[in-house]
Amino acid sequence: MVNLLDYDVDGLVAWFAELGEKPFRARQVMRWMHREGCDDFERMTDVAKSLRARLADTACIRAPQPLRDSVSADGTRKWLLDVGNGNAVETVFIPETSRGTLCVSSQAGCALDCAFCSTGKQGFNRNLSAAEIIGQLWLANRLLGAAREQAADLEAGEADNGRIISNVVMMGMGEPLANFDNVVTALRLMLDDHAYGLSRRRVTVSTSGIVPAMDRLRDECPVALAVSLHASNDALRDRLVPINQKYPLAELMAACRRYLERAPRDFVTFEYVMLDGVNDRDEHARELIALVREVPCKFNLIPFNPFPNAGFERSPVERIRRFAGMLNDAGIVTTTRKTRGEDVDAACGQLAGQVLDKTRRTVRLVNSKEAR
């Protein structure tokens with residue numbers, strides 16, 4: 033059966049045309065799917081009965097199903113979602129007073145193997161389909177809506193004039209731009225007024241720096257951009273973020289400048305995980321100031337969130353404060369991310385899920401430790 037969550041509006045119109053149906057029928061079904069969270073064609077009351085019956089025979093609306101649902105003491109909610117064949121990914125909802133942010137995964141695992149990231153240590157199995165990506169938003173809206181209806185205080189946790197999820201960040205498991213086509217299909221659904229109608233400014237793609245894909249995103253679907261920087265020079269970034277060996281910092285900064293020509297925001301957000309004694313010294317701050325001098329940007333400093341056998345420690349609070357102060361004093365807006373959901377392993381860098389590793393990275397890691 034065809035999963036209709038795999039299609040953006042153009043794809044759905046084309047699929048309906050193959051059935052001999054007009055474009056407005058595709059938009060009707062899209063609104064039922066995404067605005068109403070409906071997965072039952074029979075409930076789509078403004079769709080002709082004959083078409084409903086035909087859809088029931090040939091198509092489905094199927095999102096990944098939760099294997100585990102965890103709620104942190106701070107209200108952060110994390111789902112472990114089944115994506116088949118022994119793989120599961122994690123999706124995180126972060127409620128705040130003025131907004132609700134959903135952190136979405138794009139791959140089962142990650143092939144980039146950043147040194148400080150729990151996901152990367154699990155290896156890589158496959159890209160998620162468009163349905164599995166947008167299905168995370170579809171499912172979260174449905175589950176959060178049900179929870180809100182059951183709550184005694186219906187206003188608690190609402191954001192964006194009643195919209196539970198007001199922001200989406202592609203910062204979950206995987207490198208979004210390594211799964212470009214499926215991610216862009218999902219992004220178009222997030223932005224489409226027949227689906228979720230989010231502003232481009234409220235949808236953020238985070239990348240480790242795949243330069244050609246950054247240029248494609250700028251041309252095809254520019255949304256807010258975050259870059260996982262984490263180092264101030266090539267030698268250090270080669271170690272922490274191995275994709276830097278292919279696309280070094282000079283190329284990455286040039287790509288950021290090009291992206292801003294069409295971006296919905298007038299700055300790039302640089303994410304920078306703070307690793308004690310590794311990338312948090314004064315000289316690193318000075319190098320960063322020089323590195324980004326021609327790139328309008330903001331910095332988001334991320335206290336390292338530990339996981340088993342990580343090999344890194346979190347920078348002390350005072351060291352992070354001094355580092356942020358140096359950047360701010362240089363005129364670069366710098367914030368320190370508040371750690372959310374750490375007690376349910378939902379914080380940045382902690383997402384792991386379940387991955388049947390095709391890279392054999394975990395086997396090599398165990399063998400290397402045993403050989404020491």
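Residue numbers for the sequence shown follow our numbering, beginning at 33 and rising by one.
For each residue, glycine too, the CB sits at the ideal point set by N, CA and C.
Check	Outcome
Figure out for me which residue from A317, A362, V305 has the closest Cα to the Cα of P335.	V305
Provide the residue(s) that pair with Y304 in DSSP beta bridges, ordered along the chain.	L333
Going by other Cβ atoms of all chains shown within 10 Å of its Cβ, with 16 needed for buried, is K370 buried or exposed?	exposed
Within 8 Å, do at least three Cβ pairs link the stretch 194-201 to the stretch 143-154?	no
Run the CB neighbour count on A356, radius 10 Å, all protein chains shown included, and call it buried at 16 or more, exposed below.	buried
Does DSSP put S150 in a helix, in a strand, or in coil?	helix
May I ask you to verify whether the stretch 238-251 touches the stretch 199-212, counting CB pairs closer than 8 Å and requiring at least 3?	yes
Between the C-alpha atoms of G43 and D72, what's the straight-line distance to the nearest angstrom?	20 Å
Just grab the DSSP bridge partners of C135 for me.	V124, V201
Using only alpha-carbon positions, find the residue among G204, H316, S260 that is nearest to V121.	G204
Taking the alpha-carbon positions, what's the I321 to F56 distance?	52 Å
Check P96 in the structure and name its three-state DSSP category.	coil
Let me check understanding here. Comparing Cα to Cα, which of A162, L169, C142, E164 lies closest to F156?	C142
Could I get the ranges of all uninterrupted beta strand (DSSP E) runs contained in the stretch 280-329, with 3 residues as the minimum, in chain order?	300-306
Output yes or no for whether 8 Å exceeds the beta carbon distance between V124 and A140.	no
With distances taken between CB atoms, is the gap from H226 to R84 smaller than 8 Å?	no
Could you give the DSSP three-state label for F344: helix, strand or coil?	coil
Three or more C-beta pairs under 8 Å: does that hold for the stretch 77-96 against the stretch 251-269?	no
Cutting at 7 Å between CB atoms, please list the residues of its own chain near E283, excluding the five before and the five after it.	V243
Cα separation between A49 and N341?	53 Å
With distances taken between CB atoms, is the gap from T366 to L388 smaller than 8 Å?	no
Please state whether DSSP places R57 in a helix, a strand or coil.	helix
Residue range of the alpha helix (DSSP H) that S82 falls in?	81-90
Helix, strand or coil, according to DSSP, for G43 in the structure here?	helix
Touch check for the stretch 65-79 and the stretch 159-174: three-plus C-beta pairs under 8 Å?	yes
Would the stretch 215-222 and the stretch 153-168 be scored as touching if the rule is three or more Cβ pairs under 8 Å?	yes
Any idea if M33 is buried or exposed, counting beta-carbon neighbours within 10 angstroms, 16 or more meaning buried?	exposed
Please work out which residues of its chain come closer than 6 Å, Cβ to Cβ, to K330, disregarding the five sequence neighbours upstream and downstream, and give them in chain order.	F299, T301, V365
My output table needs one value for S400: the three-state DSSP class, helix, strand or coil.	Only weak support is given to the placement of S400: the predicted model assigns it a pLDDT of 40, under 50, and the value that follows is read from those uncertain coordinates. Three-state DSSP puts S400 in a helix.
What did DSSP end up calling G357 once you bin it into helix, strand or coil?	helix
Could you say which of D106, E319, N35, G343 lies nearest to A88 if we only look at CA atoms?	N35
Taking the continuous beta strand (DSSP E) assigned at R407, which residues delimit it?	As shown, the chain starts at 33 and ends at 404. That puts residue 407 outside it, with no answer to give.
Do L113 and L99 come within 8 Å of each other at the CB atom, strictly closer than that value?	yes
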